[in-house]
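Read the structure below first, then the notes.
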Amino acid sequence: MAVTLRIEFDRPDAVYLAGELVTGRVCLHVTKPKRVTVKFPADFSIQLKGAADVRWNKSVTRSSGAGSSSREIKRYSATENYFVNKVCFVGGGTGEVDVCPGDHEYPFECQLPGVAPSSFEGVHGGVRYTAKATLYRPWNVDHTVRAAFTVISPLDLNDGWPQAKEPVRRKETKNFSGGASGGPLSIDVHLPTGGYVPGQAIRGEILIENGSDRLVRHVLFALEKEVTWRSSRGMSQVTRASVAAAMFDGGVDKQSSKAISLVMPVPAVPPSNLEHCGLIDLQYFVKVTAEVAGSHRGLQCDVPVLVGTVPVLVRDGTQESASAPHGPPPTYGSDQFEPDLRPLIPRVPPPVTRHPLAVIAIADDDKAFPPVRGSRPRRAEGPRTRAVIGEALRDSLPSVTPVTSRQRSGAAASQPATNLTMAVTLRIEFDRPDAVYFAGELVTGRVCLHVTKPKRVTGFSIQLRGVANVRWTERTSRSRRRGSHSETYSASETYFDNKVFLLGGTTGEVEISPGDHVYNFECLLPSVVPSSFEGHHGSIRYTATAAMHRPWKFDHTAKTAFTVISHLDLNSRLQAREPVSSGATKHFYCGLCRSGPLSVDVHLPSGGYVPGQAILGQIQVDNGSGKQAQRVLCSLEKEVTWHSNRGRTKVTRTPVTATMFDGAVQTHSSKVISLVMPVPAVPPSNLEHCSIIDLQYFLKVTVEVPGFHLNLHCDVPILVGTIPAFVQDGWNRTNMAGPSLETPSAPPPASPPPMYQSELPPPSYEESVLKGNNIMDPTDTYTMGQADFTPRYPVWAFSNPSFEKY
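Using our numbering, you'd call the opening residue of the sequence shown number 480 and step up by one each time.
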């Protein structure tokens, strides 16, 4: 063959735990030069995908009148995607690329989600993880190879599964009719524990009491799996099959009983429940069947058991009811991968990896599992829609962020099998510990590069960017016949994009010698950039990306985010220094009769606050109605307005912090409530200099009323700034220098923001109470660095009550 493709995983058995890093290489052998014309997004790529697929048919009989009927085949299916990670090795643009003759290796890696379900193959579908490498050639056949790998989501029987440690007992009884005399036939099954792992023996006692006049010929034991398949239309299908079976030849005579000891090893099967999969449920049962003579049906008894991946322990630290495998611990390949179970199971060797009991045929392009390695030509096609690099399918998954083995964090250190020696390590460090900068300041830092062997690169660059992005999807109904339609709205705004080559450039090659290298960088921020912000439908994000560009190979990159604060000085806003009052009134109706008013009035001494400051005020509730006001709720809410580039807007409102006053306000009475609500670390109002995201804050007071009546709401707009307002004459405006570098919680501004002489200490910079986001873009497949980012905002320490009293 002129072209040979092969996918190799770094682990011989290609078995990975959920949350681990899948690594390997694509081996390409070319016997003669291949020219690939690049007209599409990628021409040589690998795609790693995790998905669950369910599909079955059901025959339905329909009557068509006049006594006739017809049969109809209904098809049910569903798909659940967990991740799609596609990487282009060669090409990715337009033009032509020559693939030289010889052997080529292209390493790849993919971070598995921590909540991915275990691999599973069944009669109506499965949970499957595949890697597919494609050399795409327009107007010619594709060279493609596909390999499957196993993912295991650990199920620890010691953690959160009390039924796994407790004894299990089930009893079934049956009486025979049709002339048979005597008492009942009963099966009593007792298991010491309800949880087991593959390789462990299910031990128990079975008592057969035959009080009937029928002879029990055989007693059958079976470990059965029960699979529930769910379709996208709400239909479900249940299948049941045996995975292990045994038979007790000795029968049970009439009017007698017999005790049988059960010993049934658990074979290599997937764990129970298939957690994190919404389409397939998996349960296991120990099924005991007593077969009787004659035409009568036998008696069955089902005992539910839990199959996990980590065995149950008893108090002395040993495995309970275990049939431990004998022999030395197995090896797992060159990387010596072993799930770290030794602190948990001191007397049980590490598990071995075995294939399932059968190879299941799978539909579509995937031919069988375990993996089938090879290539298959495909017919020439026109332009195709391709997956975005590193696309994360969050609709099918809880909101959980992956941690790579290269992150220097506690979460990364806890992963059991990430002891891989990285040939290249990149790390971005800022000169300020908390990486907080003000608009107009100079961002300084360094890129730390560690190389274990010489590397030839075209260049080594650092890119600092400030970008705002907005994106949301709306579903609208067209007509009954055409159904609904999803429309996506988006907008983007770039504030700066600064890319600097620290070494080399875009052409030529330079060699980086082994060892540690440090490259300093600096970037002057514009003075009119908005503050950092992370929200549900978008963000204002500032990132630094270091990249080591390598010819004919993927780049080594590292990415991190930093916080930028655009000051909002409350002393320059009249609204922030003046008292604010607002009220609301409602009446209750019973037919044509109207009750007296229920009203709430909110009075605040000022309309502007900063994080760390308490909102002080008074809430007066006048209840002139006949309905009791049960309680009063007070919350600080943020209202975000998202603007798309097509003129469409979306408004979202969520609470930031809240407090509740339990005392009821009786009918025809009044109550005055003193409000003290600290403002947490949140971004400043307005998000000035950003035209696609608006941010407002409201103090929302709710008076709850009983029954079906609507509650009474009162919104008071407030301004959240970064510099507190002053009212005392002793506060004089100065340019007070910021804290020194020795104060890690408060970065020193190069261009200090306007401050005021007072006894108020400098602010600390704390992470926002609002949820952060994953900063990795779809193209950041091979990027190192911390994925999660939460901006930091100044929080003032109002320890002196005089600062709180306006």
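Backbone N, C-alpha and C define an ideal beta-carbon position, used for all residues, glycine too.
Endpoints, alpha helix (DSSP H) assigned at Gln1054: Here residue 1054 is taken as the residue at index 575 of the sequence shown, counted from 1. Unbroken alpha helix (DSSP H) run through Gln1054: 1053 to 1056.
Among Ser715, Asn689, Arg682, which one has its Cα closest to the Cα of Leu702? One-based indexing of the sequence shown puts residue 702 at position 223. When each option's Cα is compared against that of Leu702, the closest is Arg682.
Buried or exposed (CB count within 10 angstroms, at least 16 for buried), Thr672: Counting from one through the sequence shown, the residue named residue 672 turns up at place 193. Buried is the call here.
What alpha helix (DSSP H) runs, 4 residues minimum, are completely inside the segment 1070 to 1150? none
Straight-line CA distance for Ala497 to Cys589? Along the sequence shown, one-based indexing puts residue 497 at 18. Along the sequence shown, one-based indexing puts residue 589 at 110. The straight-line gap from Cα to Cα measures roughly 11 angstroms.
Take His603 and list the residues in its own chain whose beta-carbon comes closer than 8 angstroms to its own, dropping the five residues that flank it on each side. Taking the first residue of the sequence shown as 1, we reach residue 603 at position 124. Hits under 8 angstroms: Val533, Arg534, Trp535, Val706, Trp708, Gln716, Thr718.
Residue interval of the beta strand (DSSP E) (run including Phe1187): Numbered from its first residue, the sequence shown carries residue 1187 at position 708. Counting along the chain, Phe1187 falls outside any beta strand (DSSP E), and DSSP gives it neither H nor E.
Nearest candidate by alpha-carbon position, reference Ile552, set Glu600, Asn560, Ser538: Walking along the sequence shown from the start, residue 552 turns up at place 73. Cα-wise, what sits closest to Ile552 is Ser538.
Buried or exposed for Ser1078, going by 16 or more other Cβ atoms inside 10 Å? Mapped onto the sequence shown, residue 1078 falls at position 599. It counts as buried.
Extent of the continuous beta strand (DSSP E) run through Met1027: Here the question's residue 1027 lines up with position 548 in the sequence shown. Here the beta strand (DSSP E) through Met1027 covers 1017 to 1028.
Let me confirm a value: Glu990 is counted as buried when at least 16 other C-beta atoms fall within 10 Å, else exposed. Which label applies? Sequence index remark: in the sequence shown, residue 990 carries index 511 (1-based). Classification for Glu990: exposed.
Do you know how far the Cα of Val647 is from the Cα of Lys733? The residue labelled residue 733 in the question sits at position 254 within the sequence shown. The residue labelled residue 647 in the question sits at position 168 within the sequence shown. So the two alpha carbons sit approximately 28 angstroms from each other.
Does the segment 1057 to 1068 come within contact of the segment 1080 to 1096, defined as at least 3 CB pairs closer than 8 angstroms? yes
Member of Val1007, Val606, Ala914 whose CA lies at the smallest distance from the CA of Gly924: The sequence position of residue 924 within the sequence shown is 445, counting from 1. When only C-alpha atoms are compared, the closest one is Ala914.
Less than 6 angstroms between C-beta atoms, sequence neighbours within five positions excluded: which residues of the same chain meet that for His583? Stepping through the sequence shown from its first residue, residue 583 is reached at position 104. Leu507, listed in sequence order.
Name the DSSP beta bridge partners of Gly674, please? The residue given as residue 674 occupies position 195 in the sequence shown. Within the DSSP secondary-structure output, Gly674 pairs in a beta bridge with Leu785.
Residues sharing a beta bridge with His1035, DSSP: As a working mapping, residue 1035 is identified with position 556 in the sequence shown. Note: His1035 sits in a beta bridge opposite Met1027.
Cut-off 7 angstroms between Cβ atoms - residues of its own chain near Arg1052, not counting five sequence neighbours on either side: Taking the sequence shown and counting its residues from 1, one reaches residue 1052 at position 573. Excluding residues within five positions, the ones whose Cβ falls inside 7 angstroms are Gly1087, Leu1198.
Using a Cβ-Cβ cut-off of 8 angstroms (strictly less than) and excluding sequence neighbours within five positions of Lys511, which residues of its own chain qualify? Here residue 511 corresponds to residue number 32 of the sequence shown, with the count starting at 1. Correct list, in chain order: Ala481, Pro580.
Please classify Gln1145 as buried or exposed, where buried requires at least 16 other C-beta atoms within 10 Å of its C-beta. Taking the sequence shown and counting its residues from 1, the one referred to as residue 1145 is at position 666. Answer is exposed; the Cβ neighbour count stays below 16.
Three-state secondary structure (DSSP) of Gln679: Here the question's residue 679 lines up with position 200 in the sequence shown. In the structure shown, Gln679 sits in coil (DSSP, three-state: anything other than H, G, I, E or B).
Out of Leu1047, Gly674, Thr1128, state which residue places its alpha-carbon closest to the alpha-carbon of Val789. Locating residue 789 in the sequence shown gives position 310, counting from the first residue. It is Gly674.
Host beta strand (DSSP E) of Thr904 (start-end): In the sequence shown, the residue the question calls residue 904 occupies position 425. DSSP places Thr904 in the uninterrupted beta strand (DSSP E) bounded by 903 to 909.
Counting C-beta neighbours from all protein chains within 10 Å, is the total for Cys1169 16 or more, i.e. buried, or is it exposed? As a first step, residue 1169 must be located in the sequence shown, where it is residue number 690. Counting Cβ neighbours within 10 Å, Cys1169 comes out buried, since at least 16 surround it.
Counting C-beta neighbours from all protein chains within 10 Å, is the total for Thr810 16 or more, i.e. buried, or is it exposed? In the sequence shown, the residue the question calls residue 810 occupies position 331. Any answer about Thr810 is weak, because its pLDDT of 36 lies below 50 and its placement is not dependable; what the coordinates show is given next. By the 16-neighbour rule on beta-carbons within 10 angstroms, Thr810 is exposed.
Could you compute how far the alpha carbon of Gly994 sits from the alpha carbon of His929? Reading the sequence shown from its first residue, position 515 is the one you call residue 994. Reading the sequence shown from its first residue, position 450 is the one you call residue 929. Whole-angstrom Cα-Cα distance: 6 angstroms.
Buried or exposed, going by whether 16 or more other CB atoms sit within 10 Å of the CB of Gly449? The structure shown does not extend to residue 449, since the chain is modelled only from 480 through 1285, so no value can be given for it.
Can you pull the DSSP bridge partners for Leu1178? Against the sequence shown, residue 1178 aligns to sequence position 699. According to DSSP, Leu1178 bridges with Leu1115, Val1195.
Cutting at 7 angstroms between CB atoms, please list the residues of its own chain near Ser735, excluding the five before and the five after it. One-based indexing of the sequence shown puts residue 735 at position 256. The residues are Asn689.
Pro1157, DSSP secondary structure in three states: Locating residue 1157 in the sequence shown gives position 678, counting from the first residue. Reduced to three states, the DSSP call for Pro1157 is strand.
Contacting residues, own chain, Cβ-Cβ under 6 angstroms from Asn977 (five flanking each side not counted): One-based indexing of the sequence shown puts residue 977 at position 498. The answer, listed in chain order, is Leu943, Cys1002.
Inter-residue Cα distance where the pair is Leu694 and Val731: Within the sequence shown, residue 694 is the residue found at index 215, counting from 1. Within the sequence shown, residue 731 is the residue found at index 252, counting from 1. Going by the C-alpha atoms only, they are around 6 angstroms apart.
Please state whether the Cβ-Cβ distance between Leu905 and Thr1022 is less than 8 angstroms. Taking the sequence shown and counting its residues from 1, one reaches residue 905 at position 426. Taking the sequence shown and counting its residues from 1, one reaches residue 1022 at position 543. No, these two residues do not count as a Cβ contact at 8 angstroms.
Element boundaries [beta strand (DSSP E), containing Glu588]: As a working mapping, residue 588 is identified with position 109 in the sequence shown. Element bounds for Glu588: 581 to 590.
Inside the segment 930 to 956 only - beta strand (DSSP E) runs reaching at least 3 residues: 934 to 936
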